[in-house]
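Quick note: to get my numbering, add 80 to the position in the sequence shown (first position is 1).
Inspection log for the structure reproduced underneath, given as structure tokens.
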Amino acid sequence: MVKKQPAFFGYMRNDGSVGVRNYVAILPSVVCVNEVVEAIVANTVMTQGIIHHQGCCQTPPDLERVTECLIKIGQNPNVGAILIVSLGCEGVDTDRLELTLRETGKPVERINVQELGGTSAAIQAGLDKAQRLIRLIAGQQRVEVDMSHFTMGIKCGASDTTSGIASNPVIGYVADKVVDLGGTVIFGETTEFIGAEHILQRRAKNAAVASDIKRIVIEMENRAKAIGVDMRKGQPTPGNIKGGLSTIEEKSLGAIVKSGTKTIQGVIDYTEVPKGKGLWIKDSPGREIELMSGMAVGGAQVILFSTGRGAPQGFPVVPVIKICGNPLTYERMIHDMDVNAGLITTGERSLEEIGEETFEMMLRVANGEVTKGEAIKYSKSMDFYMLGPVI
81 MVKKQPAFFG YMRNDGSVGV RNYVAILPSV VCVNEVVEAI VANTVMTQGI IHHQGCCQTP
141 PDLERVTECL IKIGQNPNVG AILIVSLGCE GVDTDRLELT LRETGKPVER INVQELGGTS
201 AAIQAGLDKA QRLIRLIAGQ QRVEVDMSHF TMGIKCGASD TTSGIASNPV IGYVADKVVD
261 LGGTVIFGET TEFIGAEHIL QRRAKNAAVA SDIKRIVIEM ENRAKAIGVD MRKGQPTPGN
321 IKGGLSTIEE KSLGAIVKSG TKTIQGVIDY TEVPKGKGLW IKDSPGREIE LMSGMAVGGA
381 QVILFSTGRG APQGFPVVPV IKICGNPLTY ERMIHDMDVN AGLITTGERS LEEIGEETFE
441 MMLRVANGEV TKGEAIKYSK SMDFYMLGPV I
């Protein structure tokens, strides 16, 4: 008897991508309208606000970056429809934002706070339009697809010594399995390659990819040096040190384990999506809110998040599965953690056992099971990674 290959049930989009959630994304074009977005989300179902703090008084490259990020969030497979909320005088190109998102075939609406006469009128108009969008997508049904339609983002945060020996290896196990099944995996946190980049370079598809890995590490360090900061003295964080990580190199060696063992296909910029299947590096910072946003921008439908000390952050349109390597943290934060990889640390379970358990949970989440973070609605941790100053 032939064993059935793993698959999942999701929402087929016009571009062939498949969502594991079916949200109406409420996109503020600028920080100034976040409260309008929050009011709309608070009074509707199936909506998620993309609450960021950008969109005006920034350098042209960063405004372009914000626009691209908002477009890619709207294009994420987990988004079924989009409501754009603009102020009317922001730096983001809202016309381009709307036109590009309409090209996806997803329903798109837009409101302008200044044109509508203020926040109260905008909230009411936004509620009306959001309800219309909800009605348009509420009847969509899931269909079964293979793992070639799956993109997984990976992250570690609030790390301690157990991260590198338990929870990160679990994610690496799952990452290898997703790649073997024809799916896509995105990993980043360029700051946490420092001191271990040569190991990643050995896994590069070719010399050009190996060179790109080295380049992004040098560029990340140089950005810090330009303002008088030595990255190697700013990492590990105080929490990492309390958790037993003594140097940036030690932290990096544990962090890269979550990428698994497969060939690295290429390096993509923060606003880009992978250019094919397999394992990809996204040039990105280590902080959770910007990193997870970058994964969503890259098209990830699910994020696997490793922690040792306990990091509760979720994300608006992408479910985040928390894998905890520290058994004591898991017990203390049981309502935030999804997988107890601490059983590897204590020797009660093997890496393969917890790896398979995590993979199966990921499929259930893809099929609609909620994570603990989703259950408690801890899902607003996001912002976009900027390179220049506010001006």
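The beta carbon of each residue, even a glycine, is placed where N, CA and C say it ideally should be.
*Using alpha carbons as the reference points, say which of Cys-137, Gly-99, Ile-344 lies closest to Val-259.*
Ile-344
*Segments assigned beta strand (DSSP E), at least 3 residues, entirely inside the region 397-447*: 400-404
*What do you get for Asn-123, buried or exposed, if any count of 16 or more other CB atoms within 10 angstroms of its CB means buried?*
exposed
*Within 10 angstroms of its Cβ, does Ile-164 collect 16 or more other Cβ (buried), or is it exposed?*
buried
*Roughly how many whole angstroms lie between the Cα atoms of Lys-285 and Ser-239?*
29 Å
*Give every residue of the same chain whose Cβ lies closer than 8 Å to the Cβ of Asp-310, excluding the five residues on either side of it in the sequence, and list them in chain order.*
Ala-304
*Close beta carbons around Thr-180, own chain, < 6 Å, minus the five adjacent residues each side*: Ile-151
*asked:* Across the region 134-141 and the region 194-209, are there enough close Cβ pairs to call them in contact, namely three or more that are closer than 8 Å?
replied: no
*Length of the line joining the Cα atoms of Thr-270 and Asp-363*: 6 Å
*Can you tell me whether DSSP reads Pro-392 as helix, strand or coil?*
coil
*Quick one: Cα of Phe-385 to Cα of Val-98, how far?*
21 Å
*Quick one: what's got a C-beta closer than 6 Å to Ala-202's C-beta in the same chain, skipping five residues either side?*
Val-116, Ile-191, Val-193, Leu-196
*From Asp-416 to Met-442, what distance separates their C-alpha atoms?*
16 Å
*Candidates Gly-453, Ala-290, Leu-207, Met-92, of which the one nearest Val-225 by Cα*: Met-92
*Residues of its chain near Gly-185, where Cβ-Cβ distance is below 8 Å and the 5 sequence neighbours each way are ignored*: Arg-93, Asn-94, Asp-95
*Quick one: what does DSSP say Ile-456 is sitting in, helix, strand or coil?*
coil
_Exposure label - Lys-257; buried when at least 16 CB within 10 Å_ = buried
*Can Ile-298 and Trp-360 be called in contact, C-beta distance under 9 Å?*
no
_Backbone CA spacing between Gln-281 and Gln-220 [nearest angstrom]_ = 43 Å
_Counting beta carbon pairs with one atom in the region 395-411 and one in the region 443-463, are three or more of them shorter than 8 Å?_
yes
*In the DSSP assignment, what residue or residues form a beta bridge with Met-232?*
Val-265, Val-382
*Measure the C-alpha to C-alpha separation of Met-227 and Gln-85 and round it to an integer number of angstroms.*
9 Å
*CA-to-CA distance, Leu-167 to Glu-178, given in whole angstroms*: 14 Å
*Please go through the region 165-229 and give each complete alpha helix (DSSP H) segment of 4 or more residues, from N-terminal end onward.*
174-182, 193-196, 199-217
*In DSSP terms, what Pro-108 is bridged to*: Val-165
*What first and last residue would you give for the alpha helix (DSSP H) that runs through Gly-129?*
No alpha helix (DSSP H) holds Gly-129; the beta strand (DSSP E) holding it covers 127-129.
*Which same chain residues, not among the five before or five after Val-121, have their C-beta less than 8 Å away from its C-beta?*
Ile-106, Thr-127, Gln-128, Gly-129
*Would you list the one or two residues that DSSP bridges to Val-98?*
Met-92
*So, Val-172 versus Val-110, is the Cβ gap smaller than 9 Å?*
yes
*asked:* I need the straight-line Cα distance from Tyr-103 to Gly-237, nearest angstrom please.
replied: 26 Å
*Locate the beta strand (DSSP E) running through Gly-346, then write down its first and last residues.*
344-348
_Looking at the secondary structure, which residues open and close the alpha helix (DSSP H) in which Lys-305 lies?_
287-305
*Under 7 Å Cβ to Cβ from Lys-209, same chain only, skipping five residues before and after it: list those, please.*
Leu-163, Glu-189, Ile-191
*At which residues does the alpha helix (DSSP H) containing Ile-245 begin and terminate?*
Counting along the chain, Ile-245 falls outside any alpha helix (DSSP H), and DSSP gives it neither H nor E.
_For Ile-296, count the other beta carbons within 10 Å of its own beta carbon; 16 or more makes it buried, fewer makes it exposed. Which is it?_
buried
*List the endpoints of the continuous alpha helix (DSSP H) containing Lys-152.*
140-155
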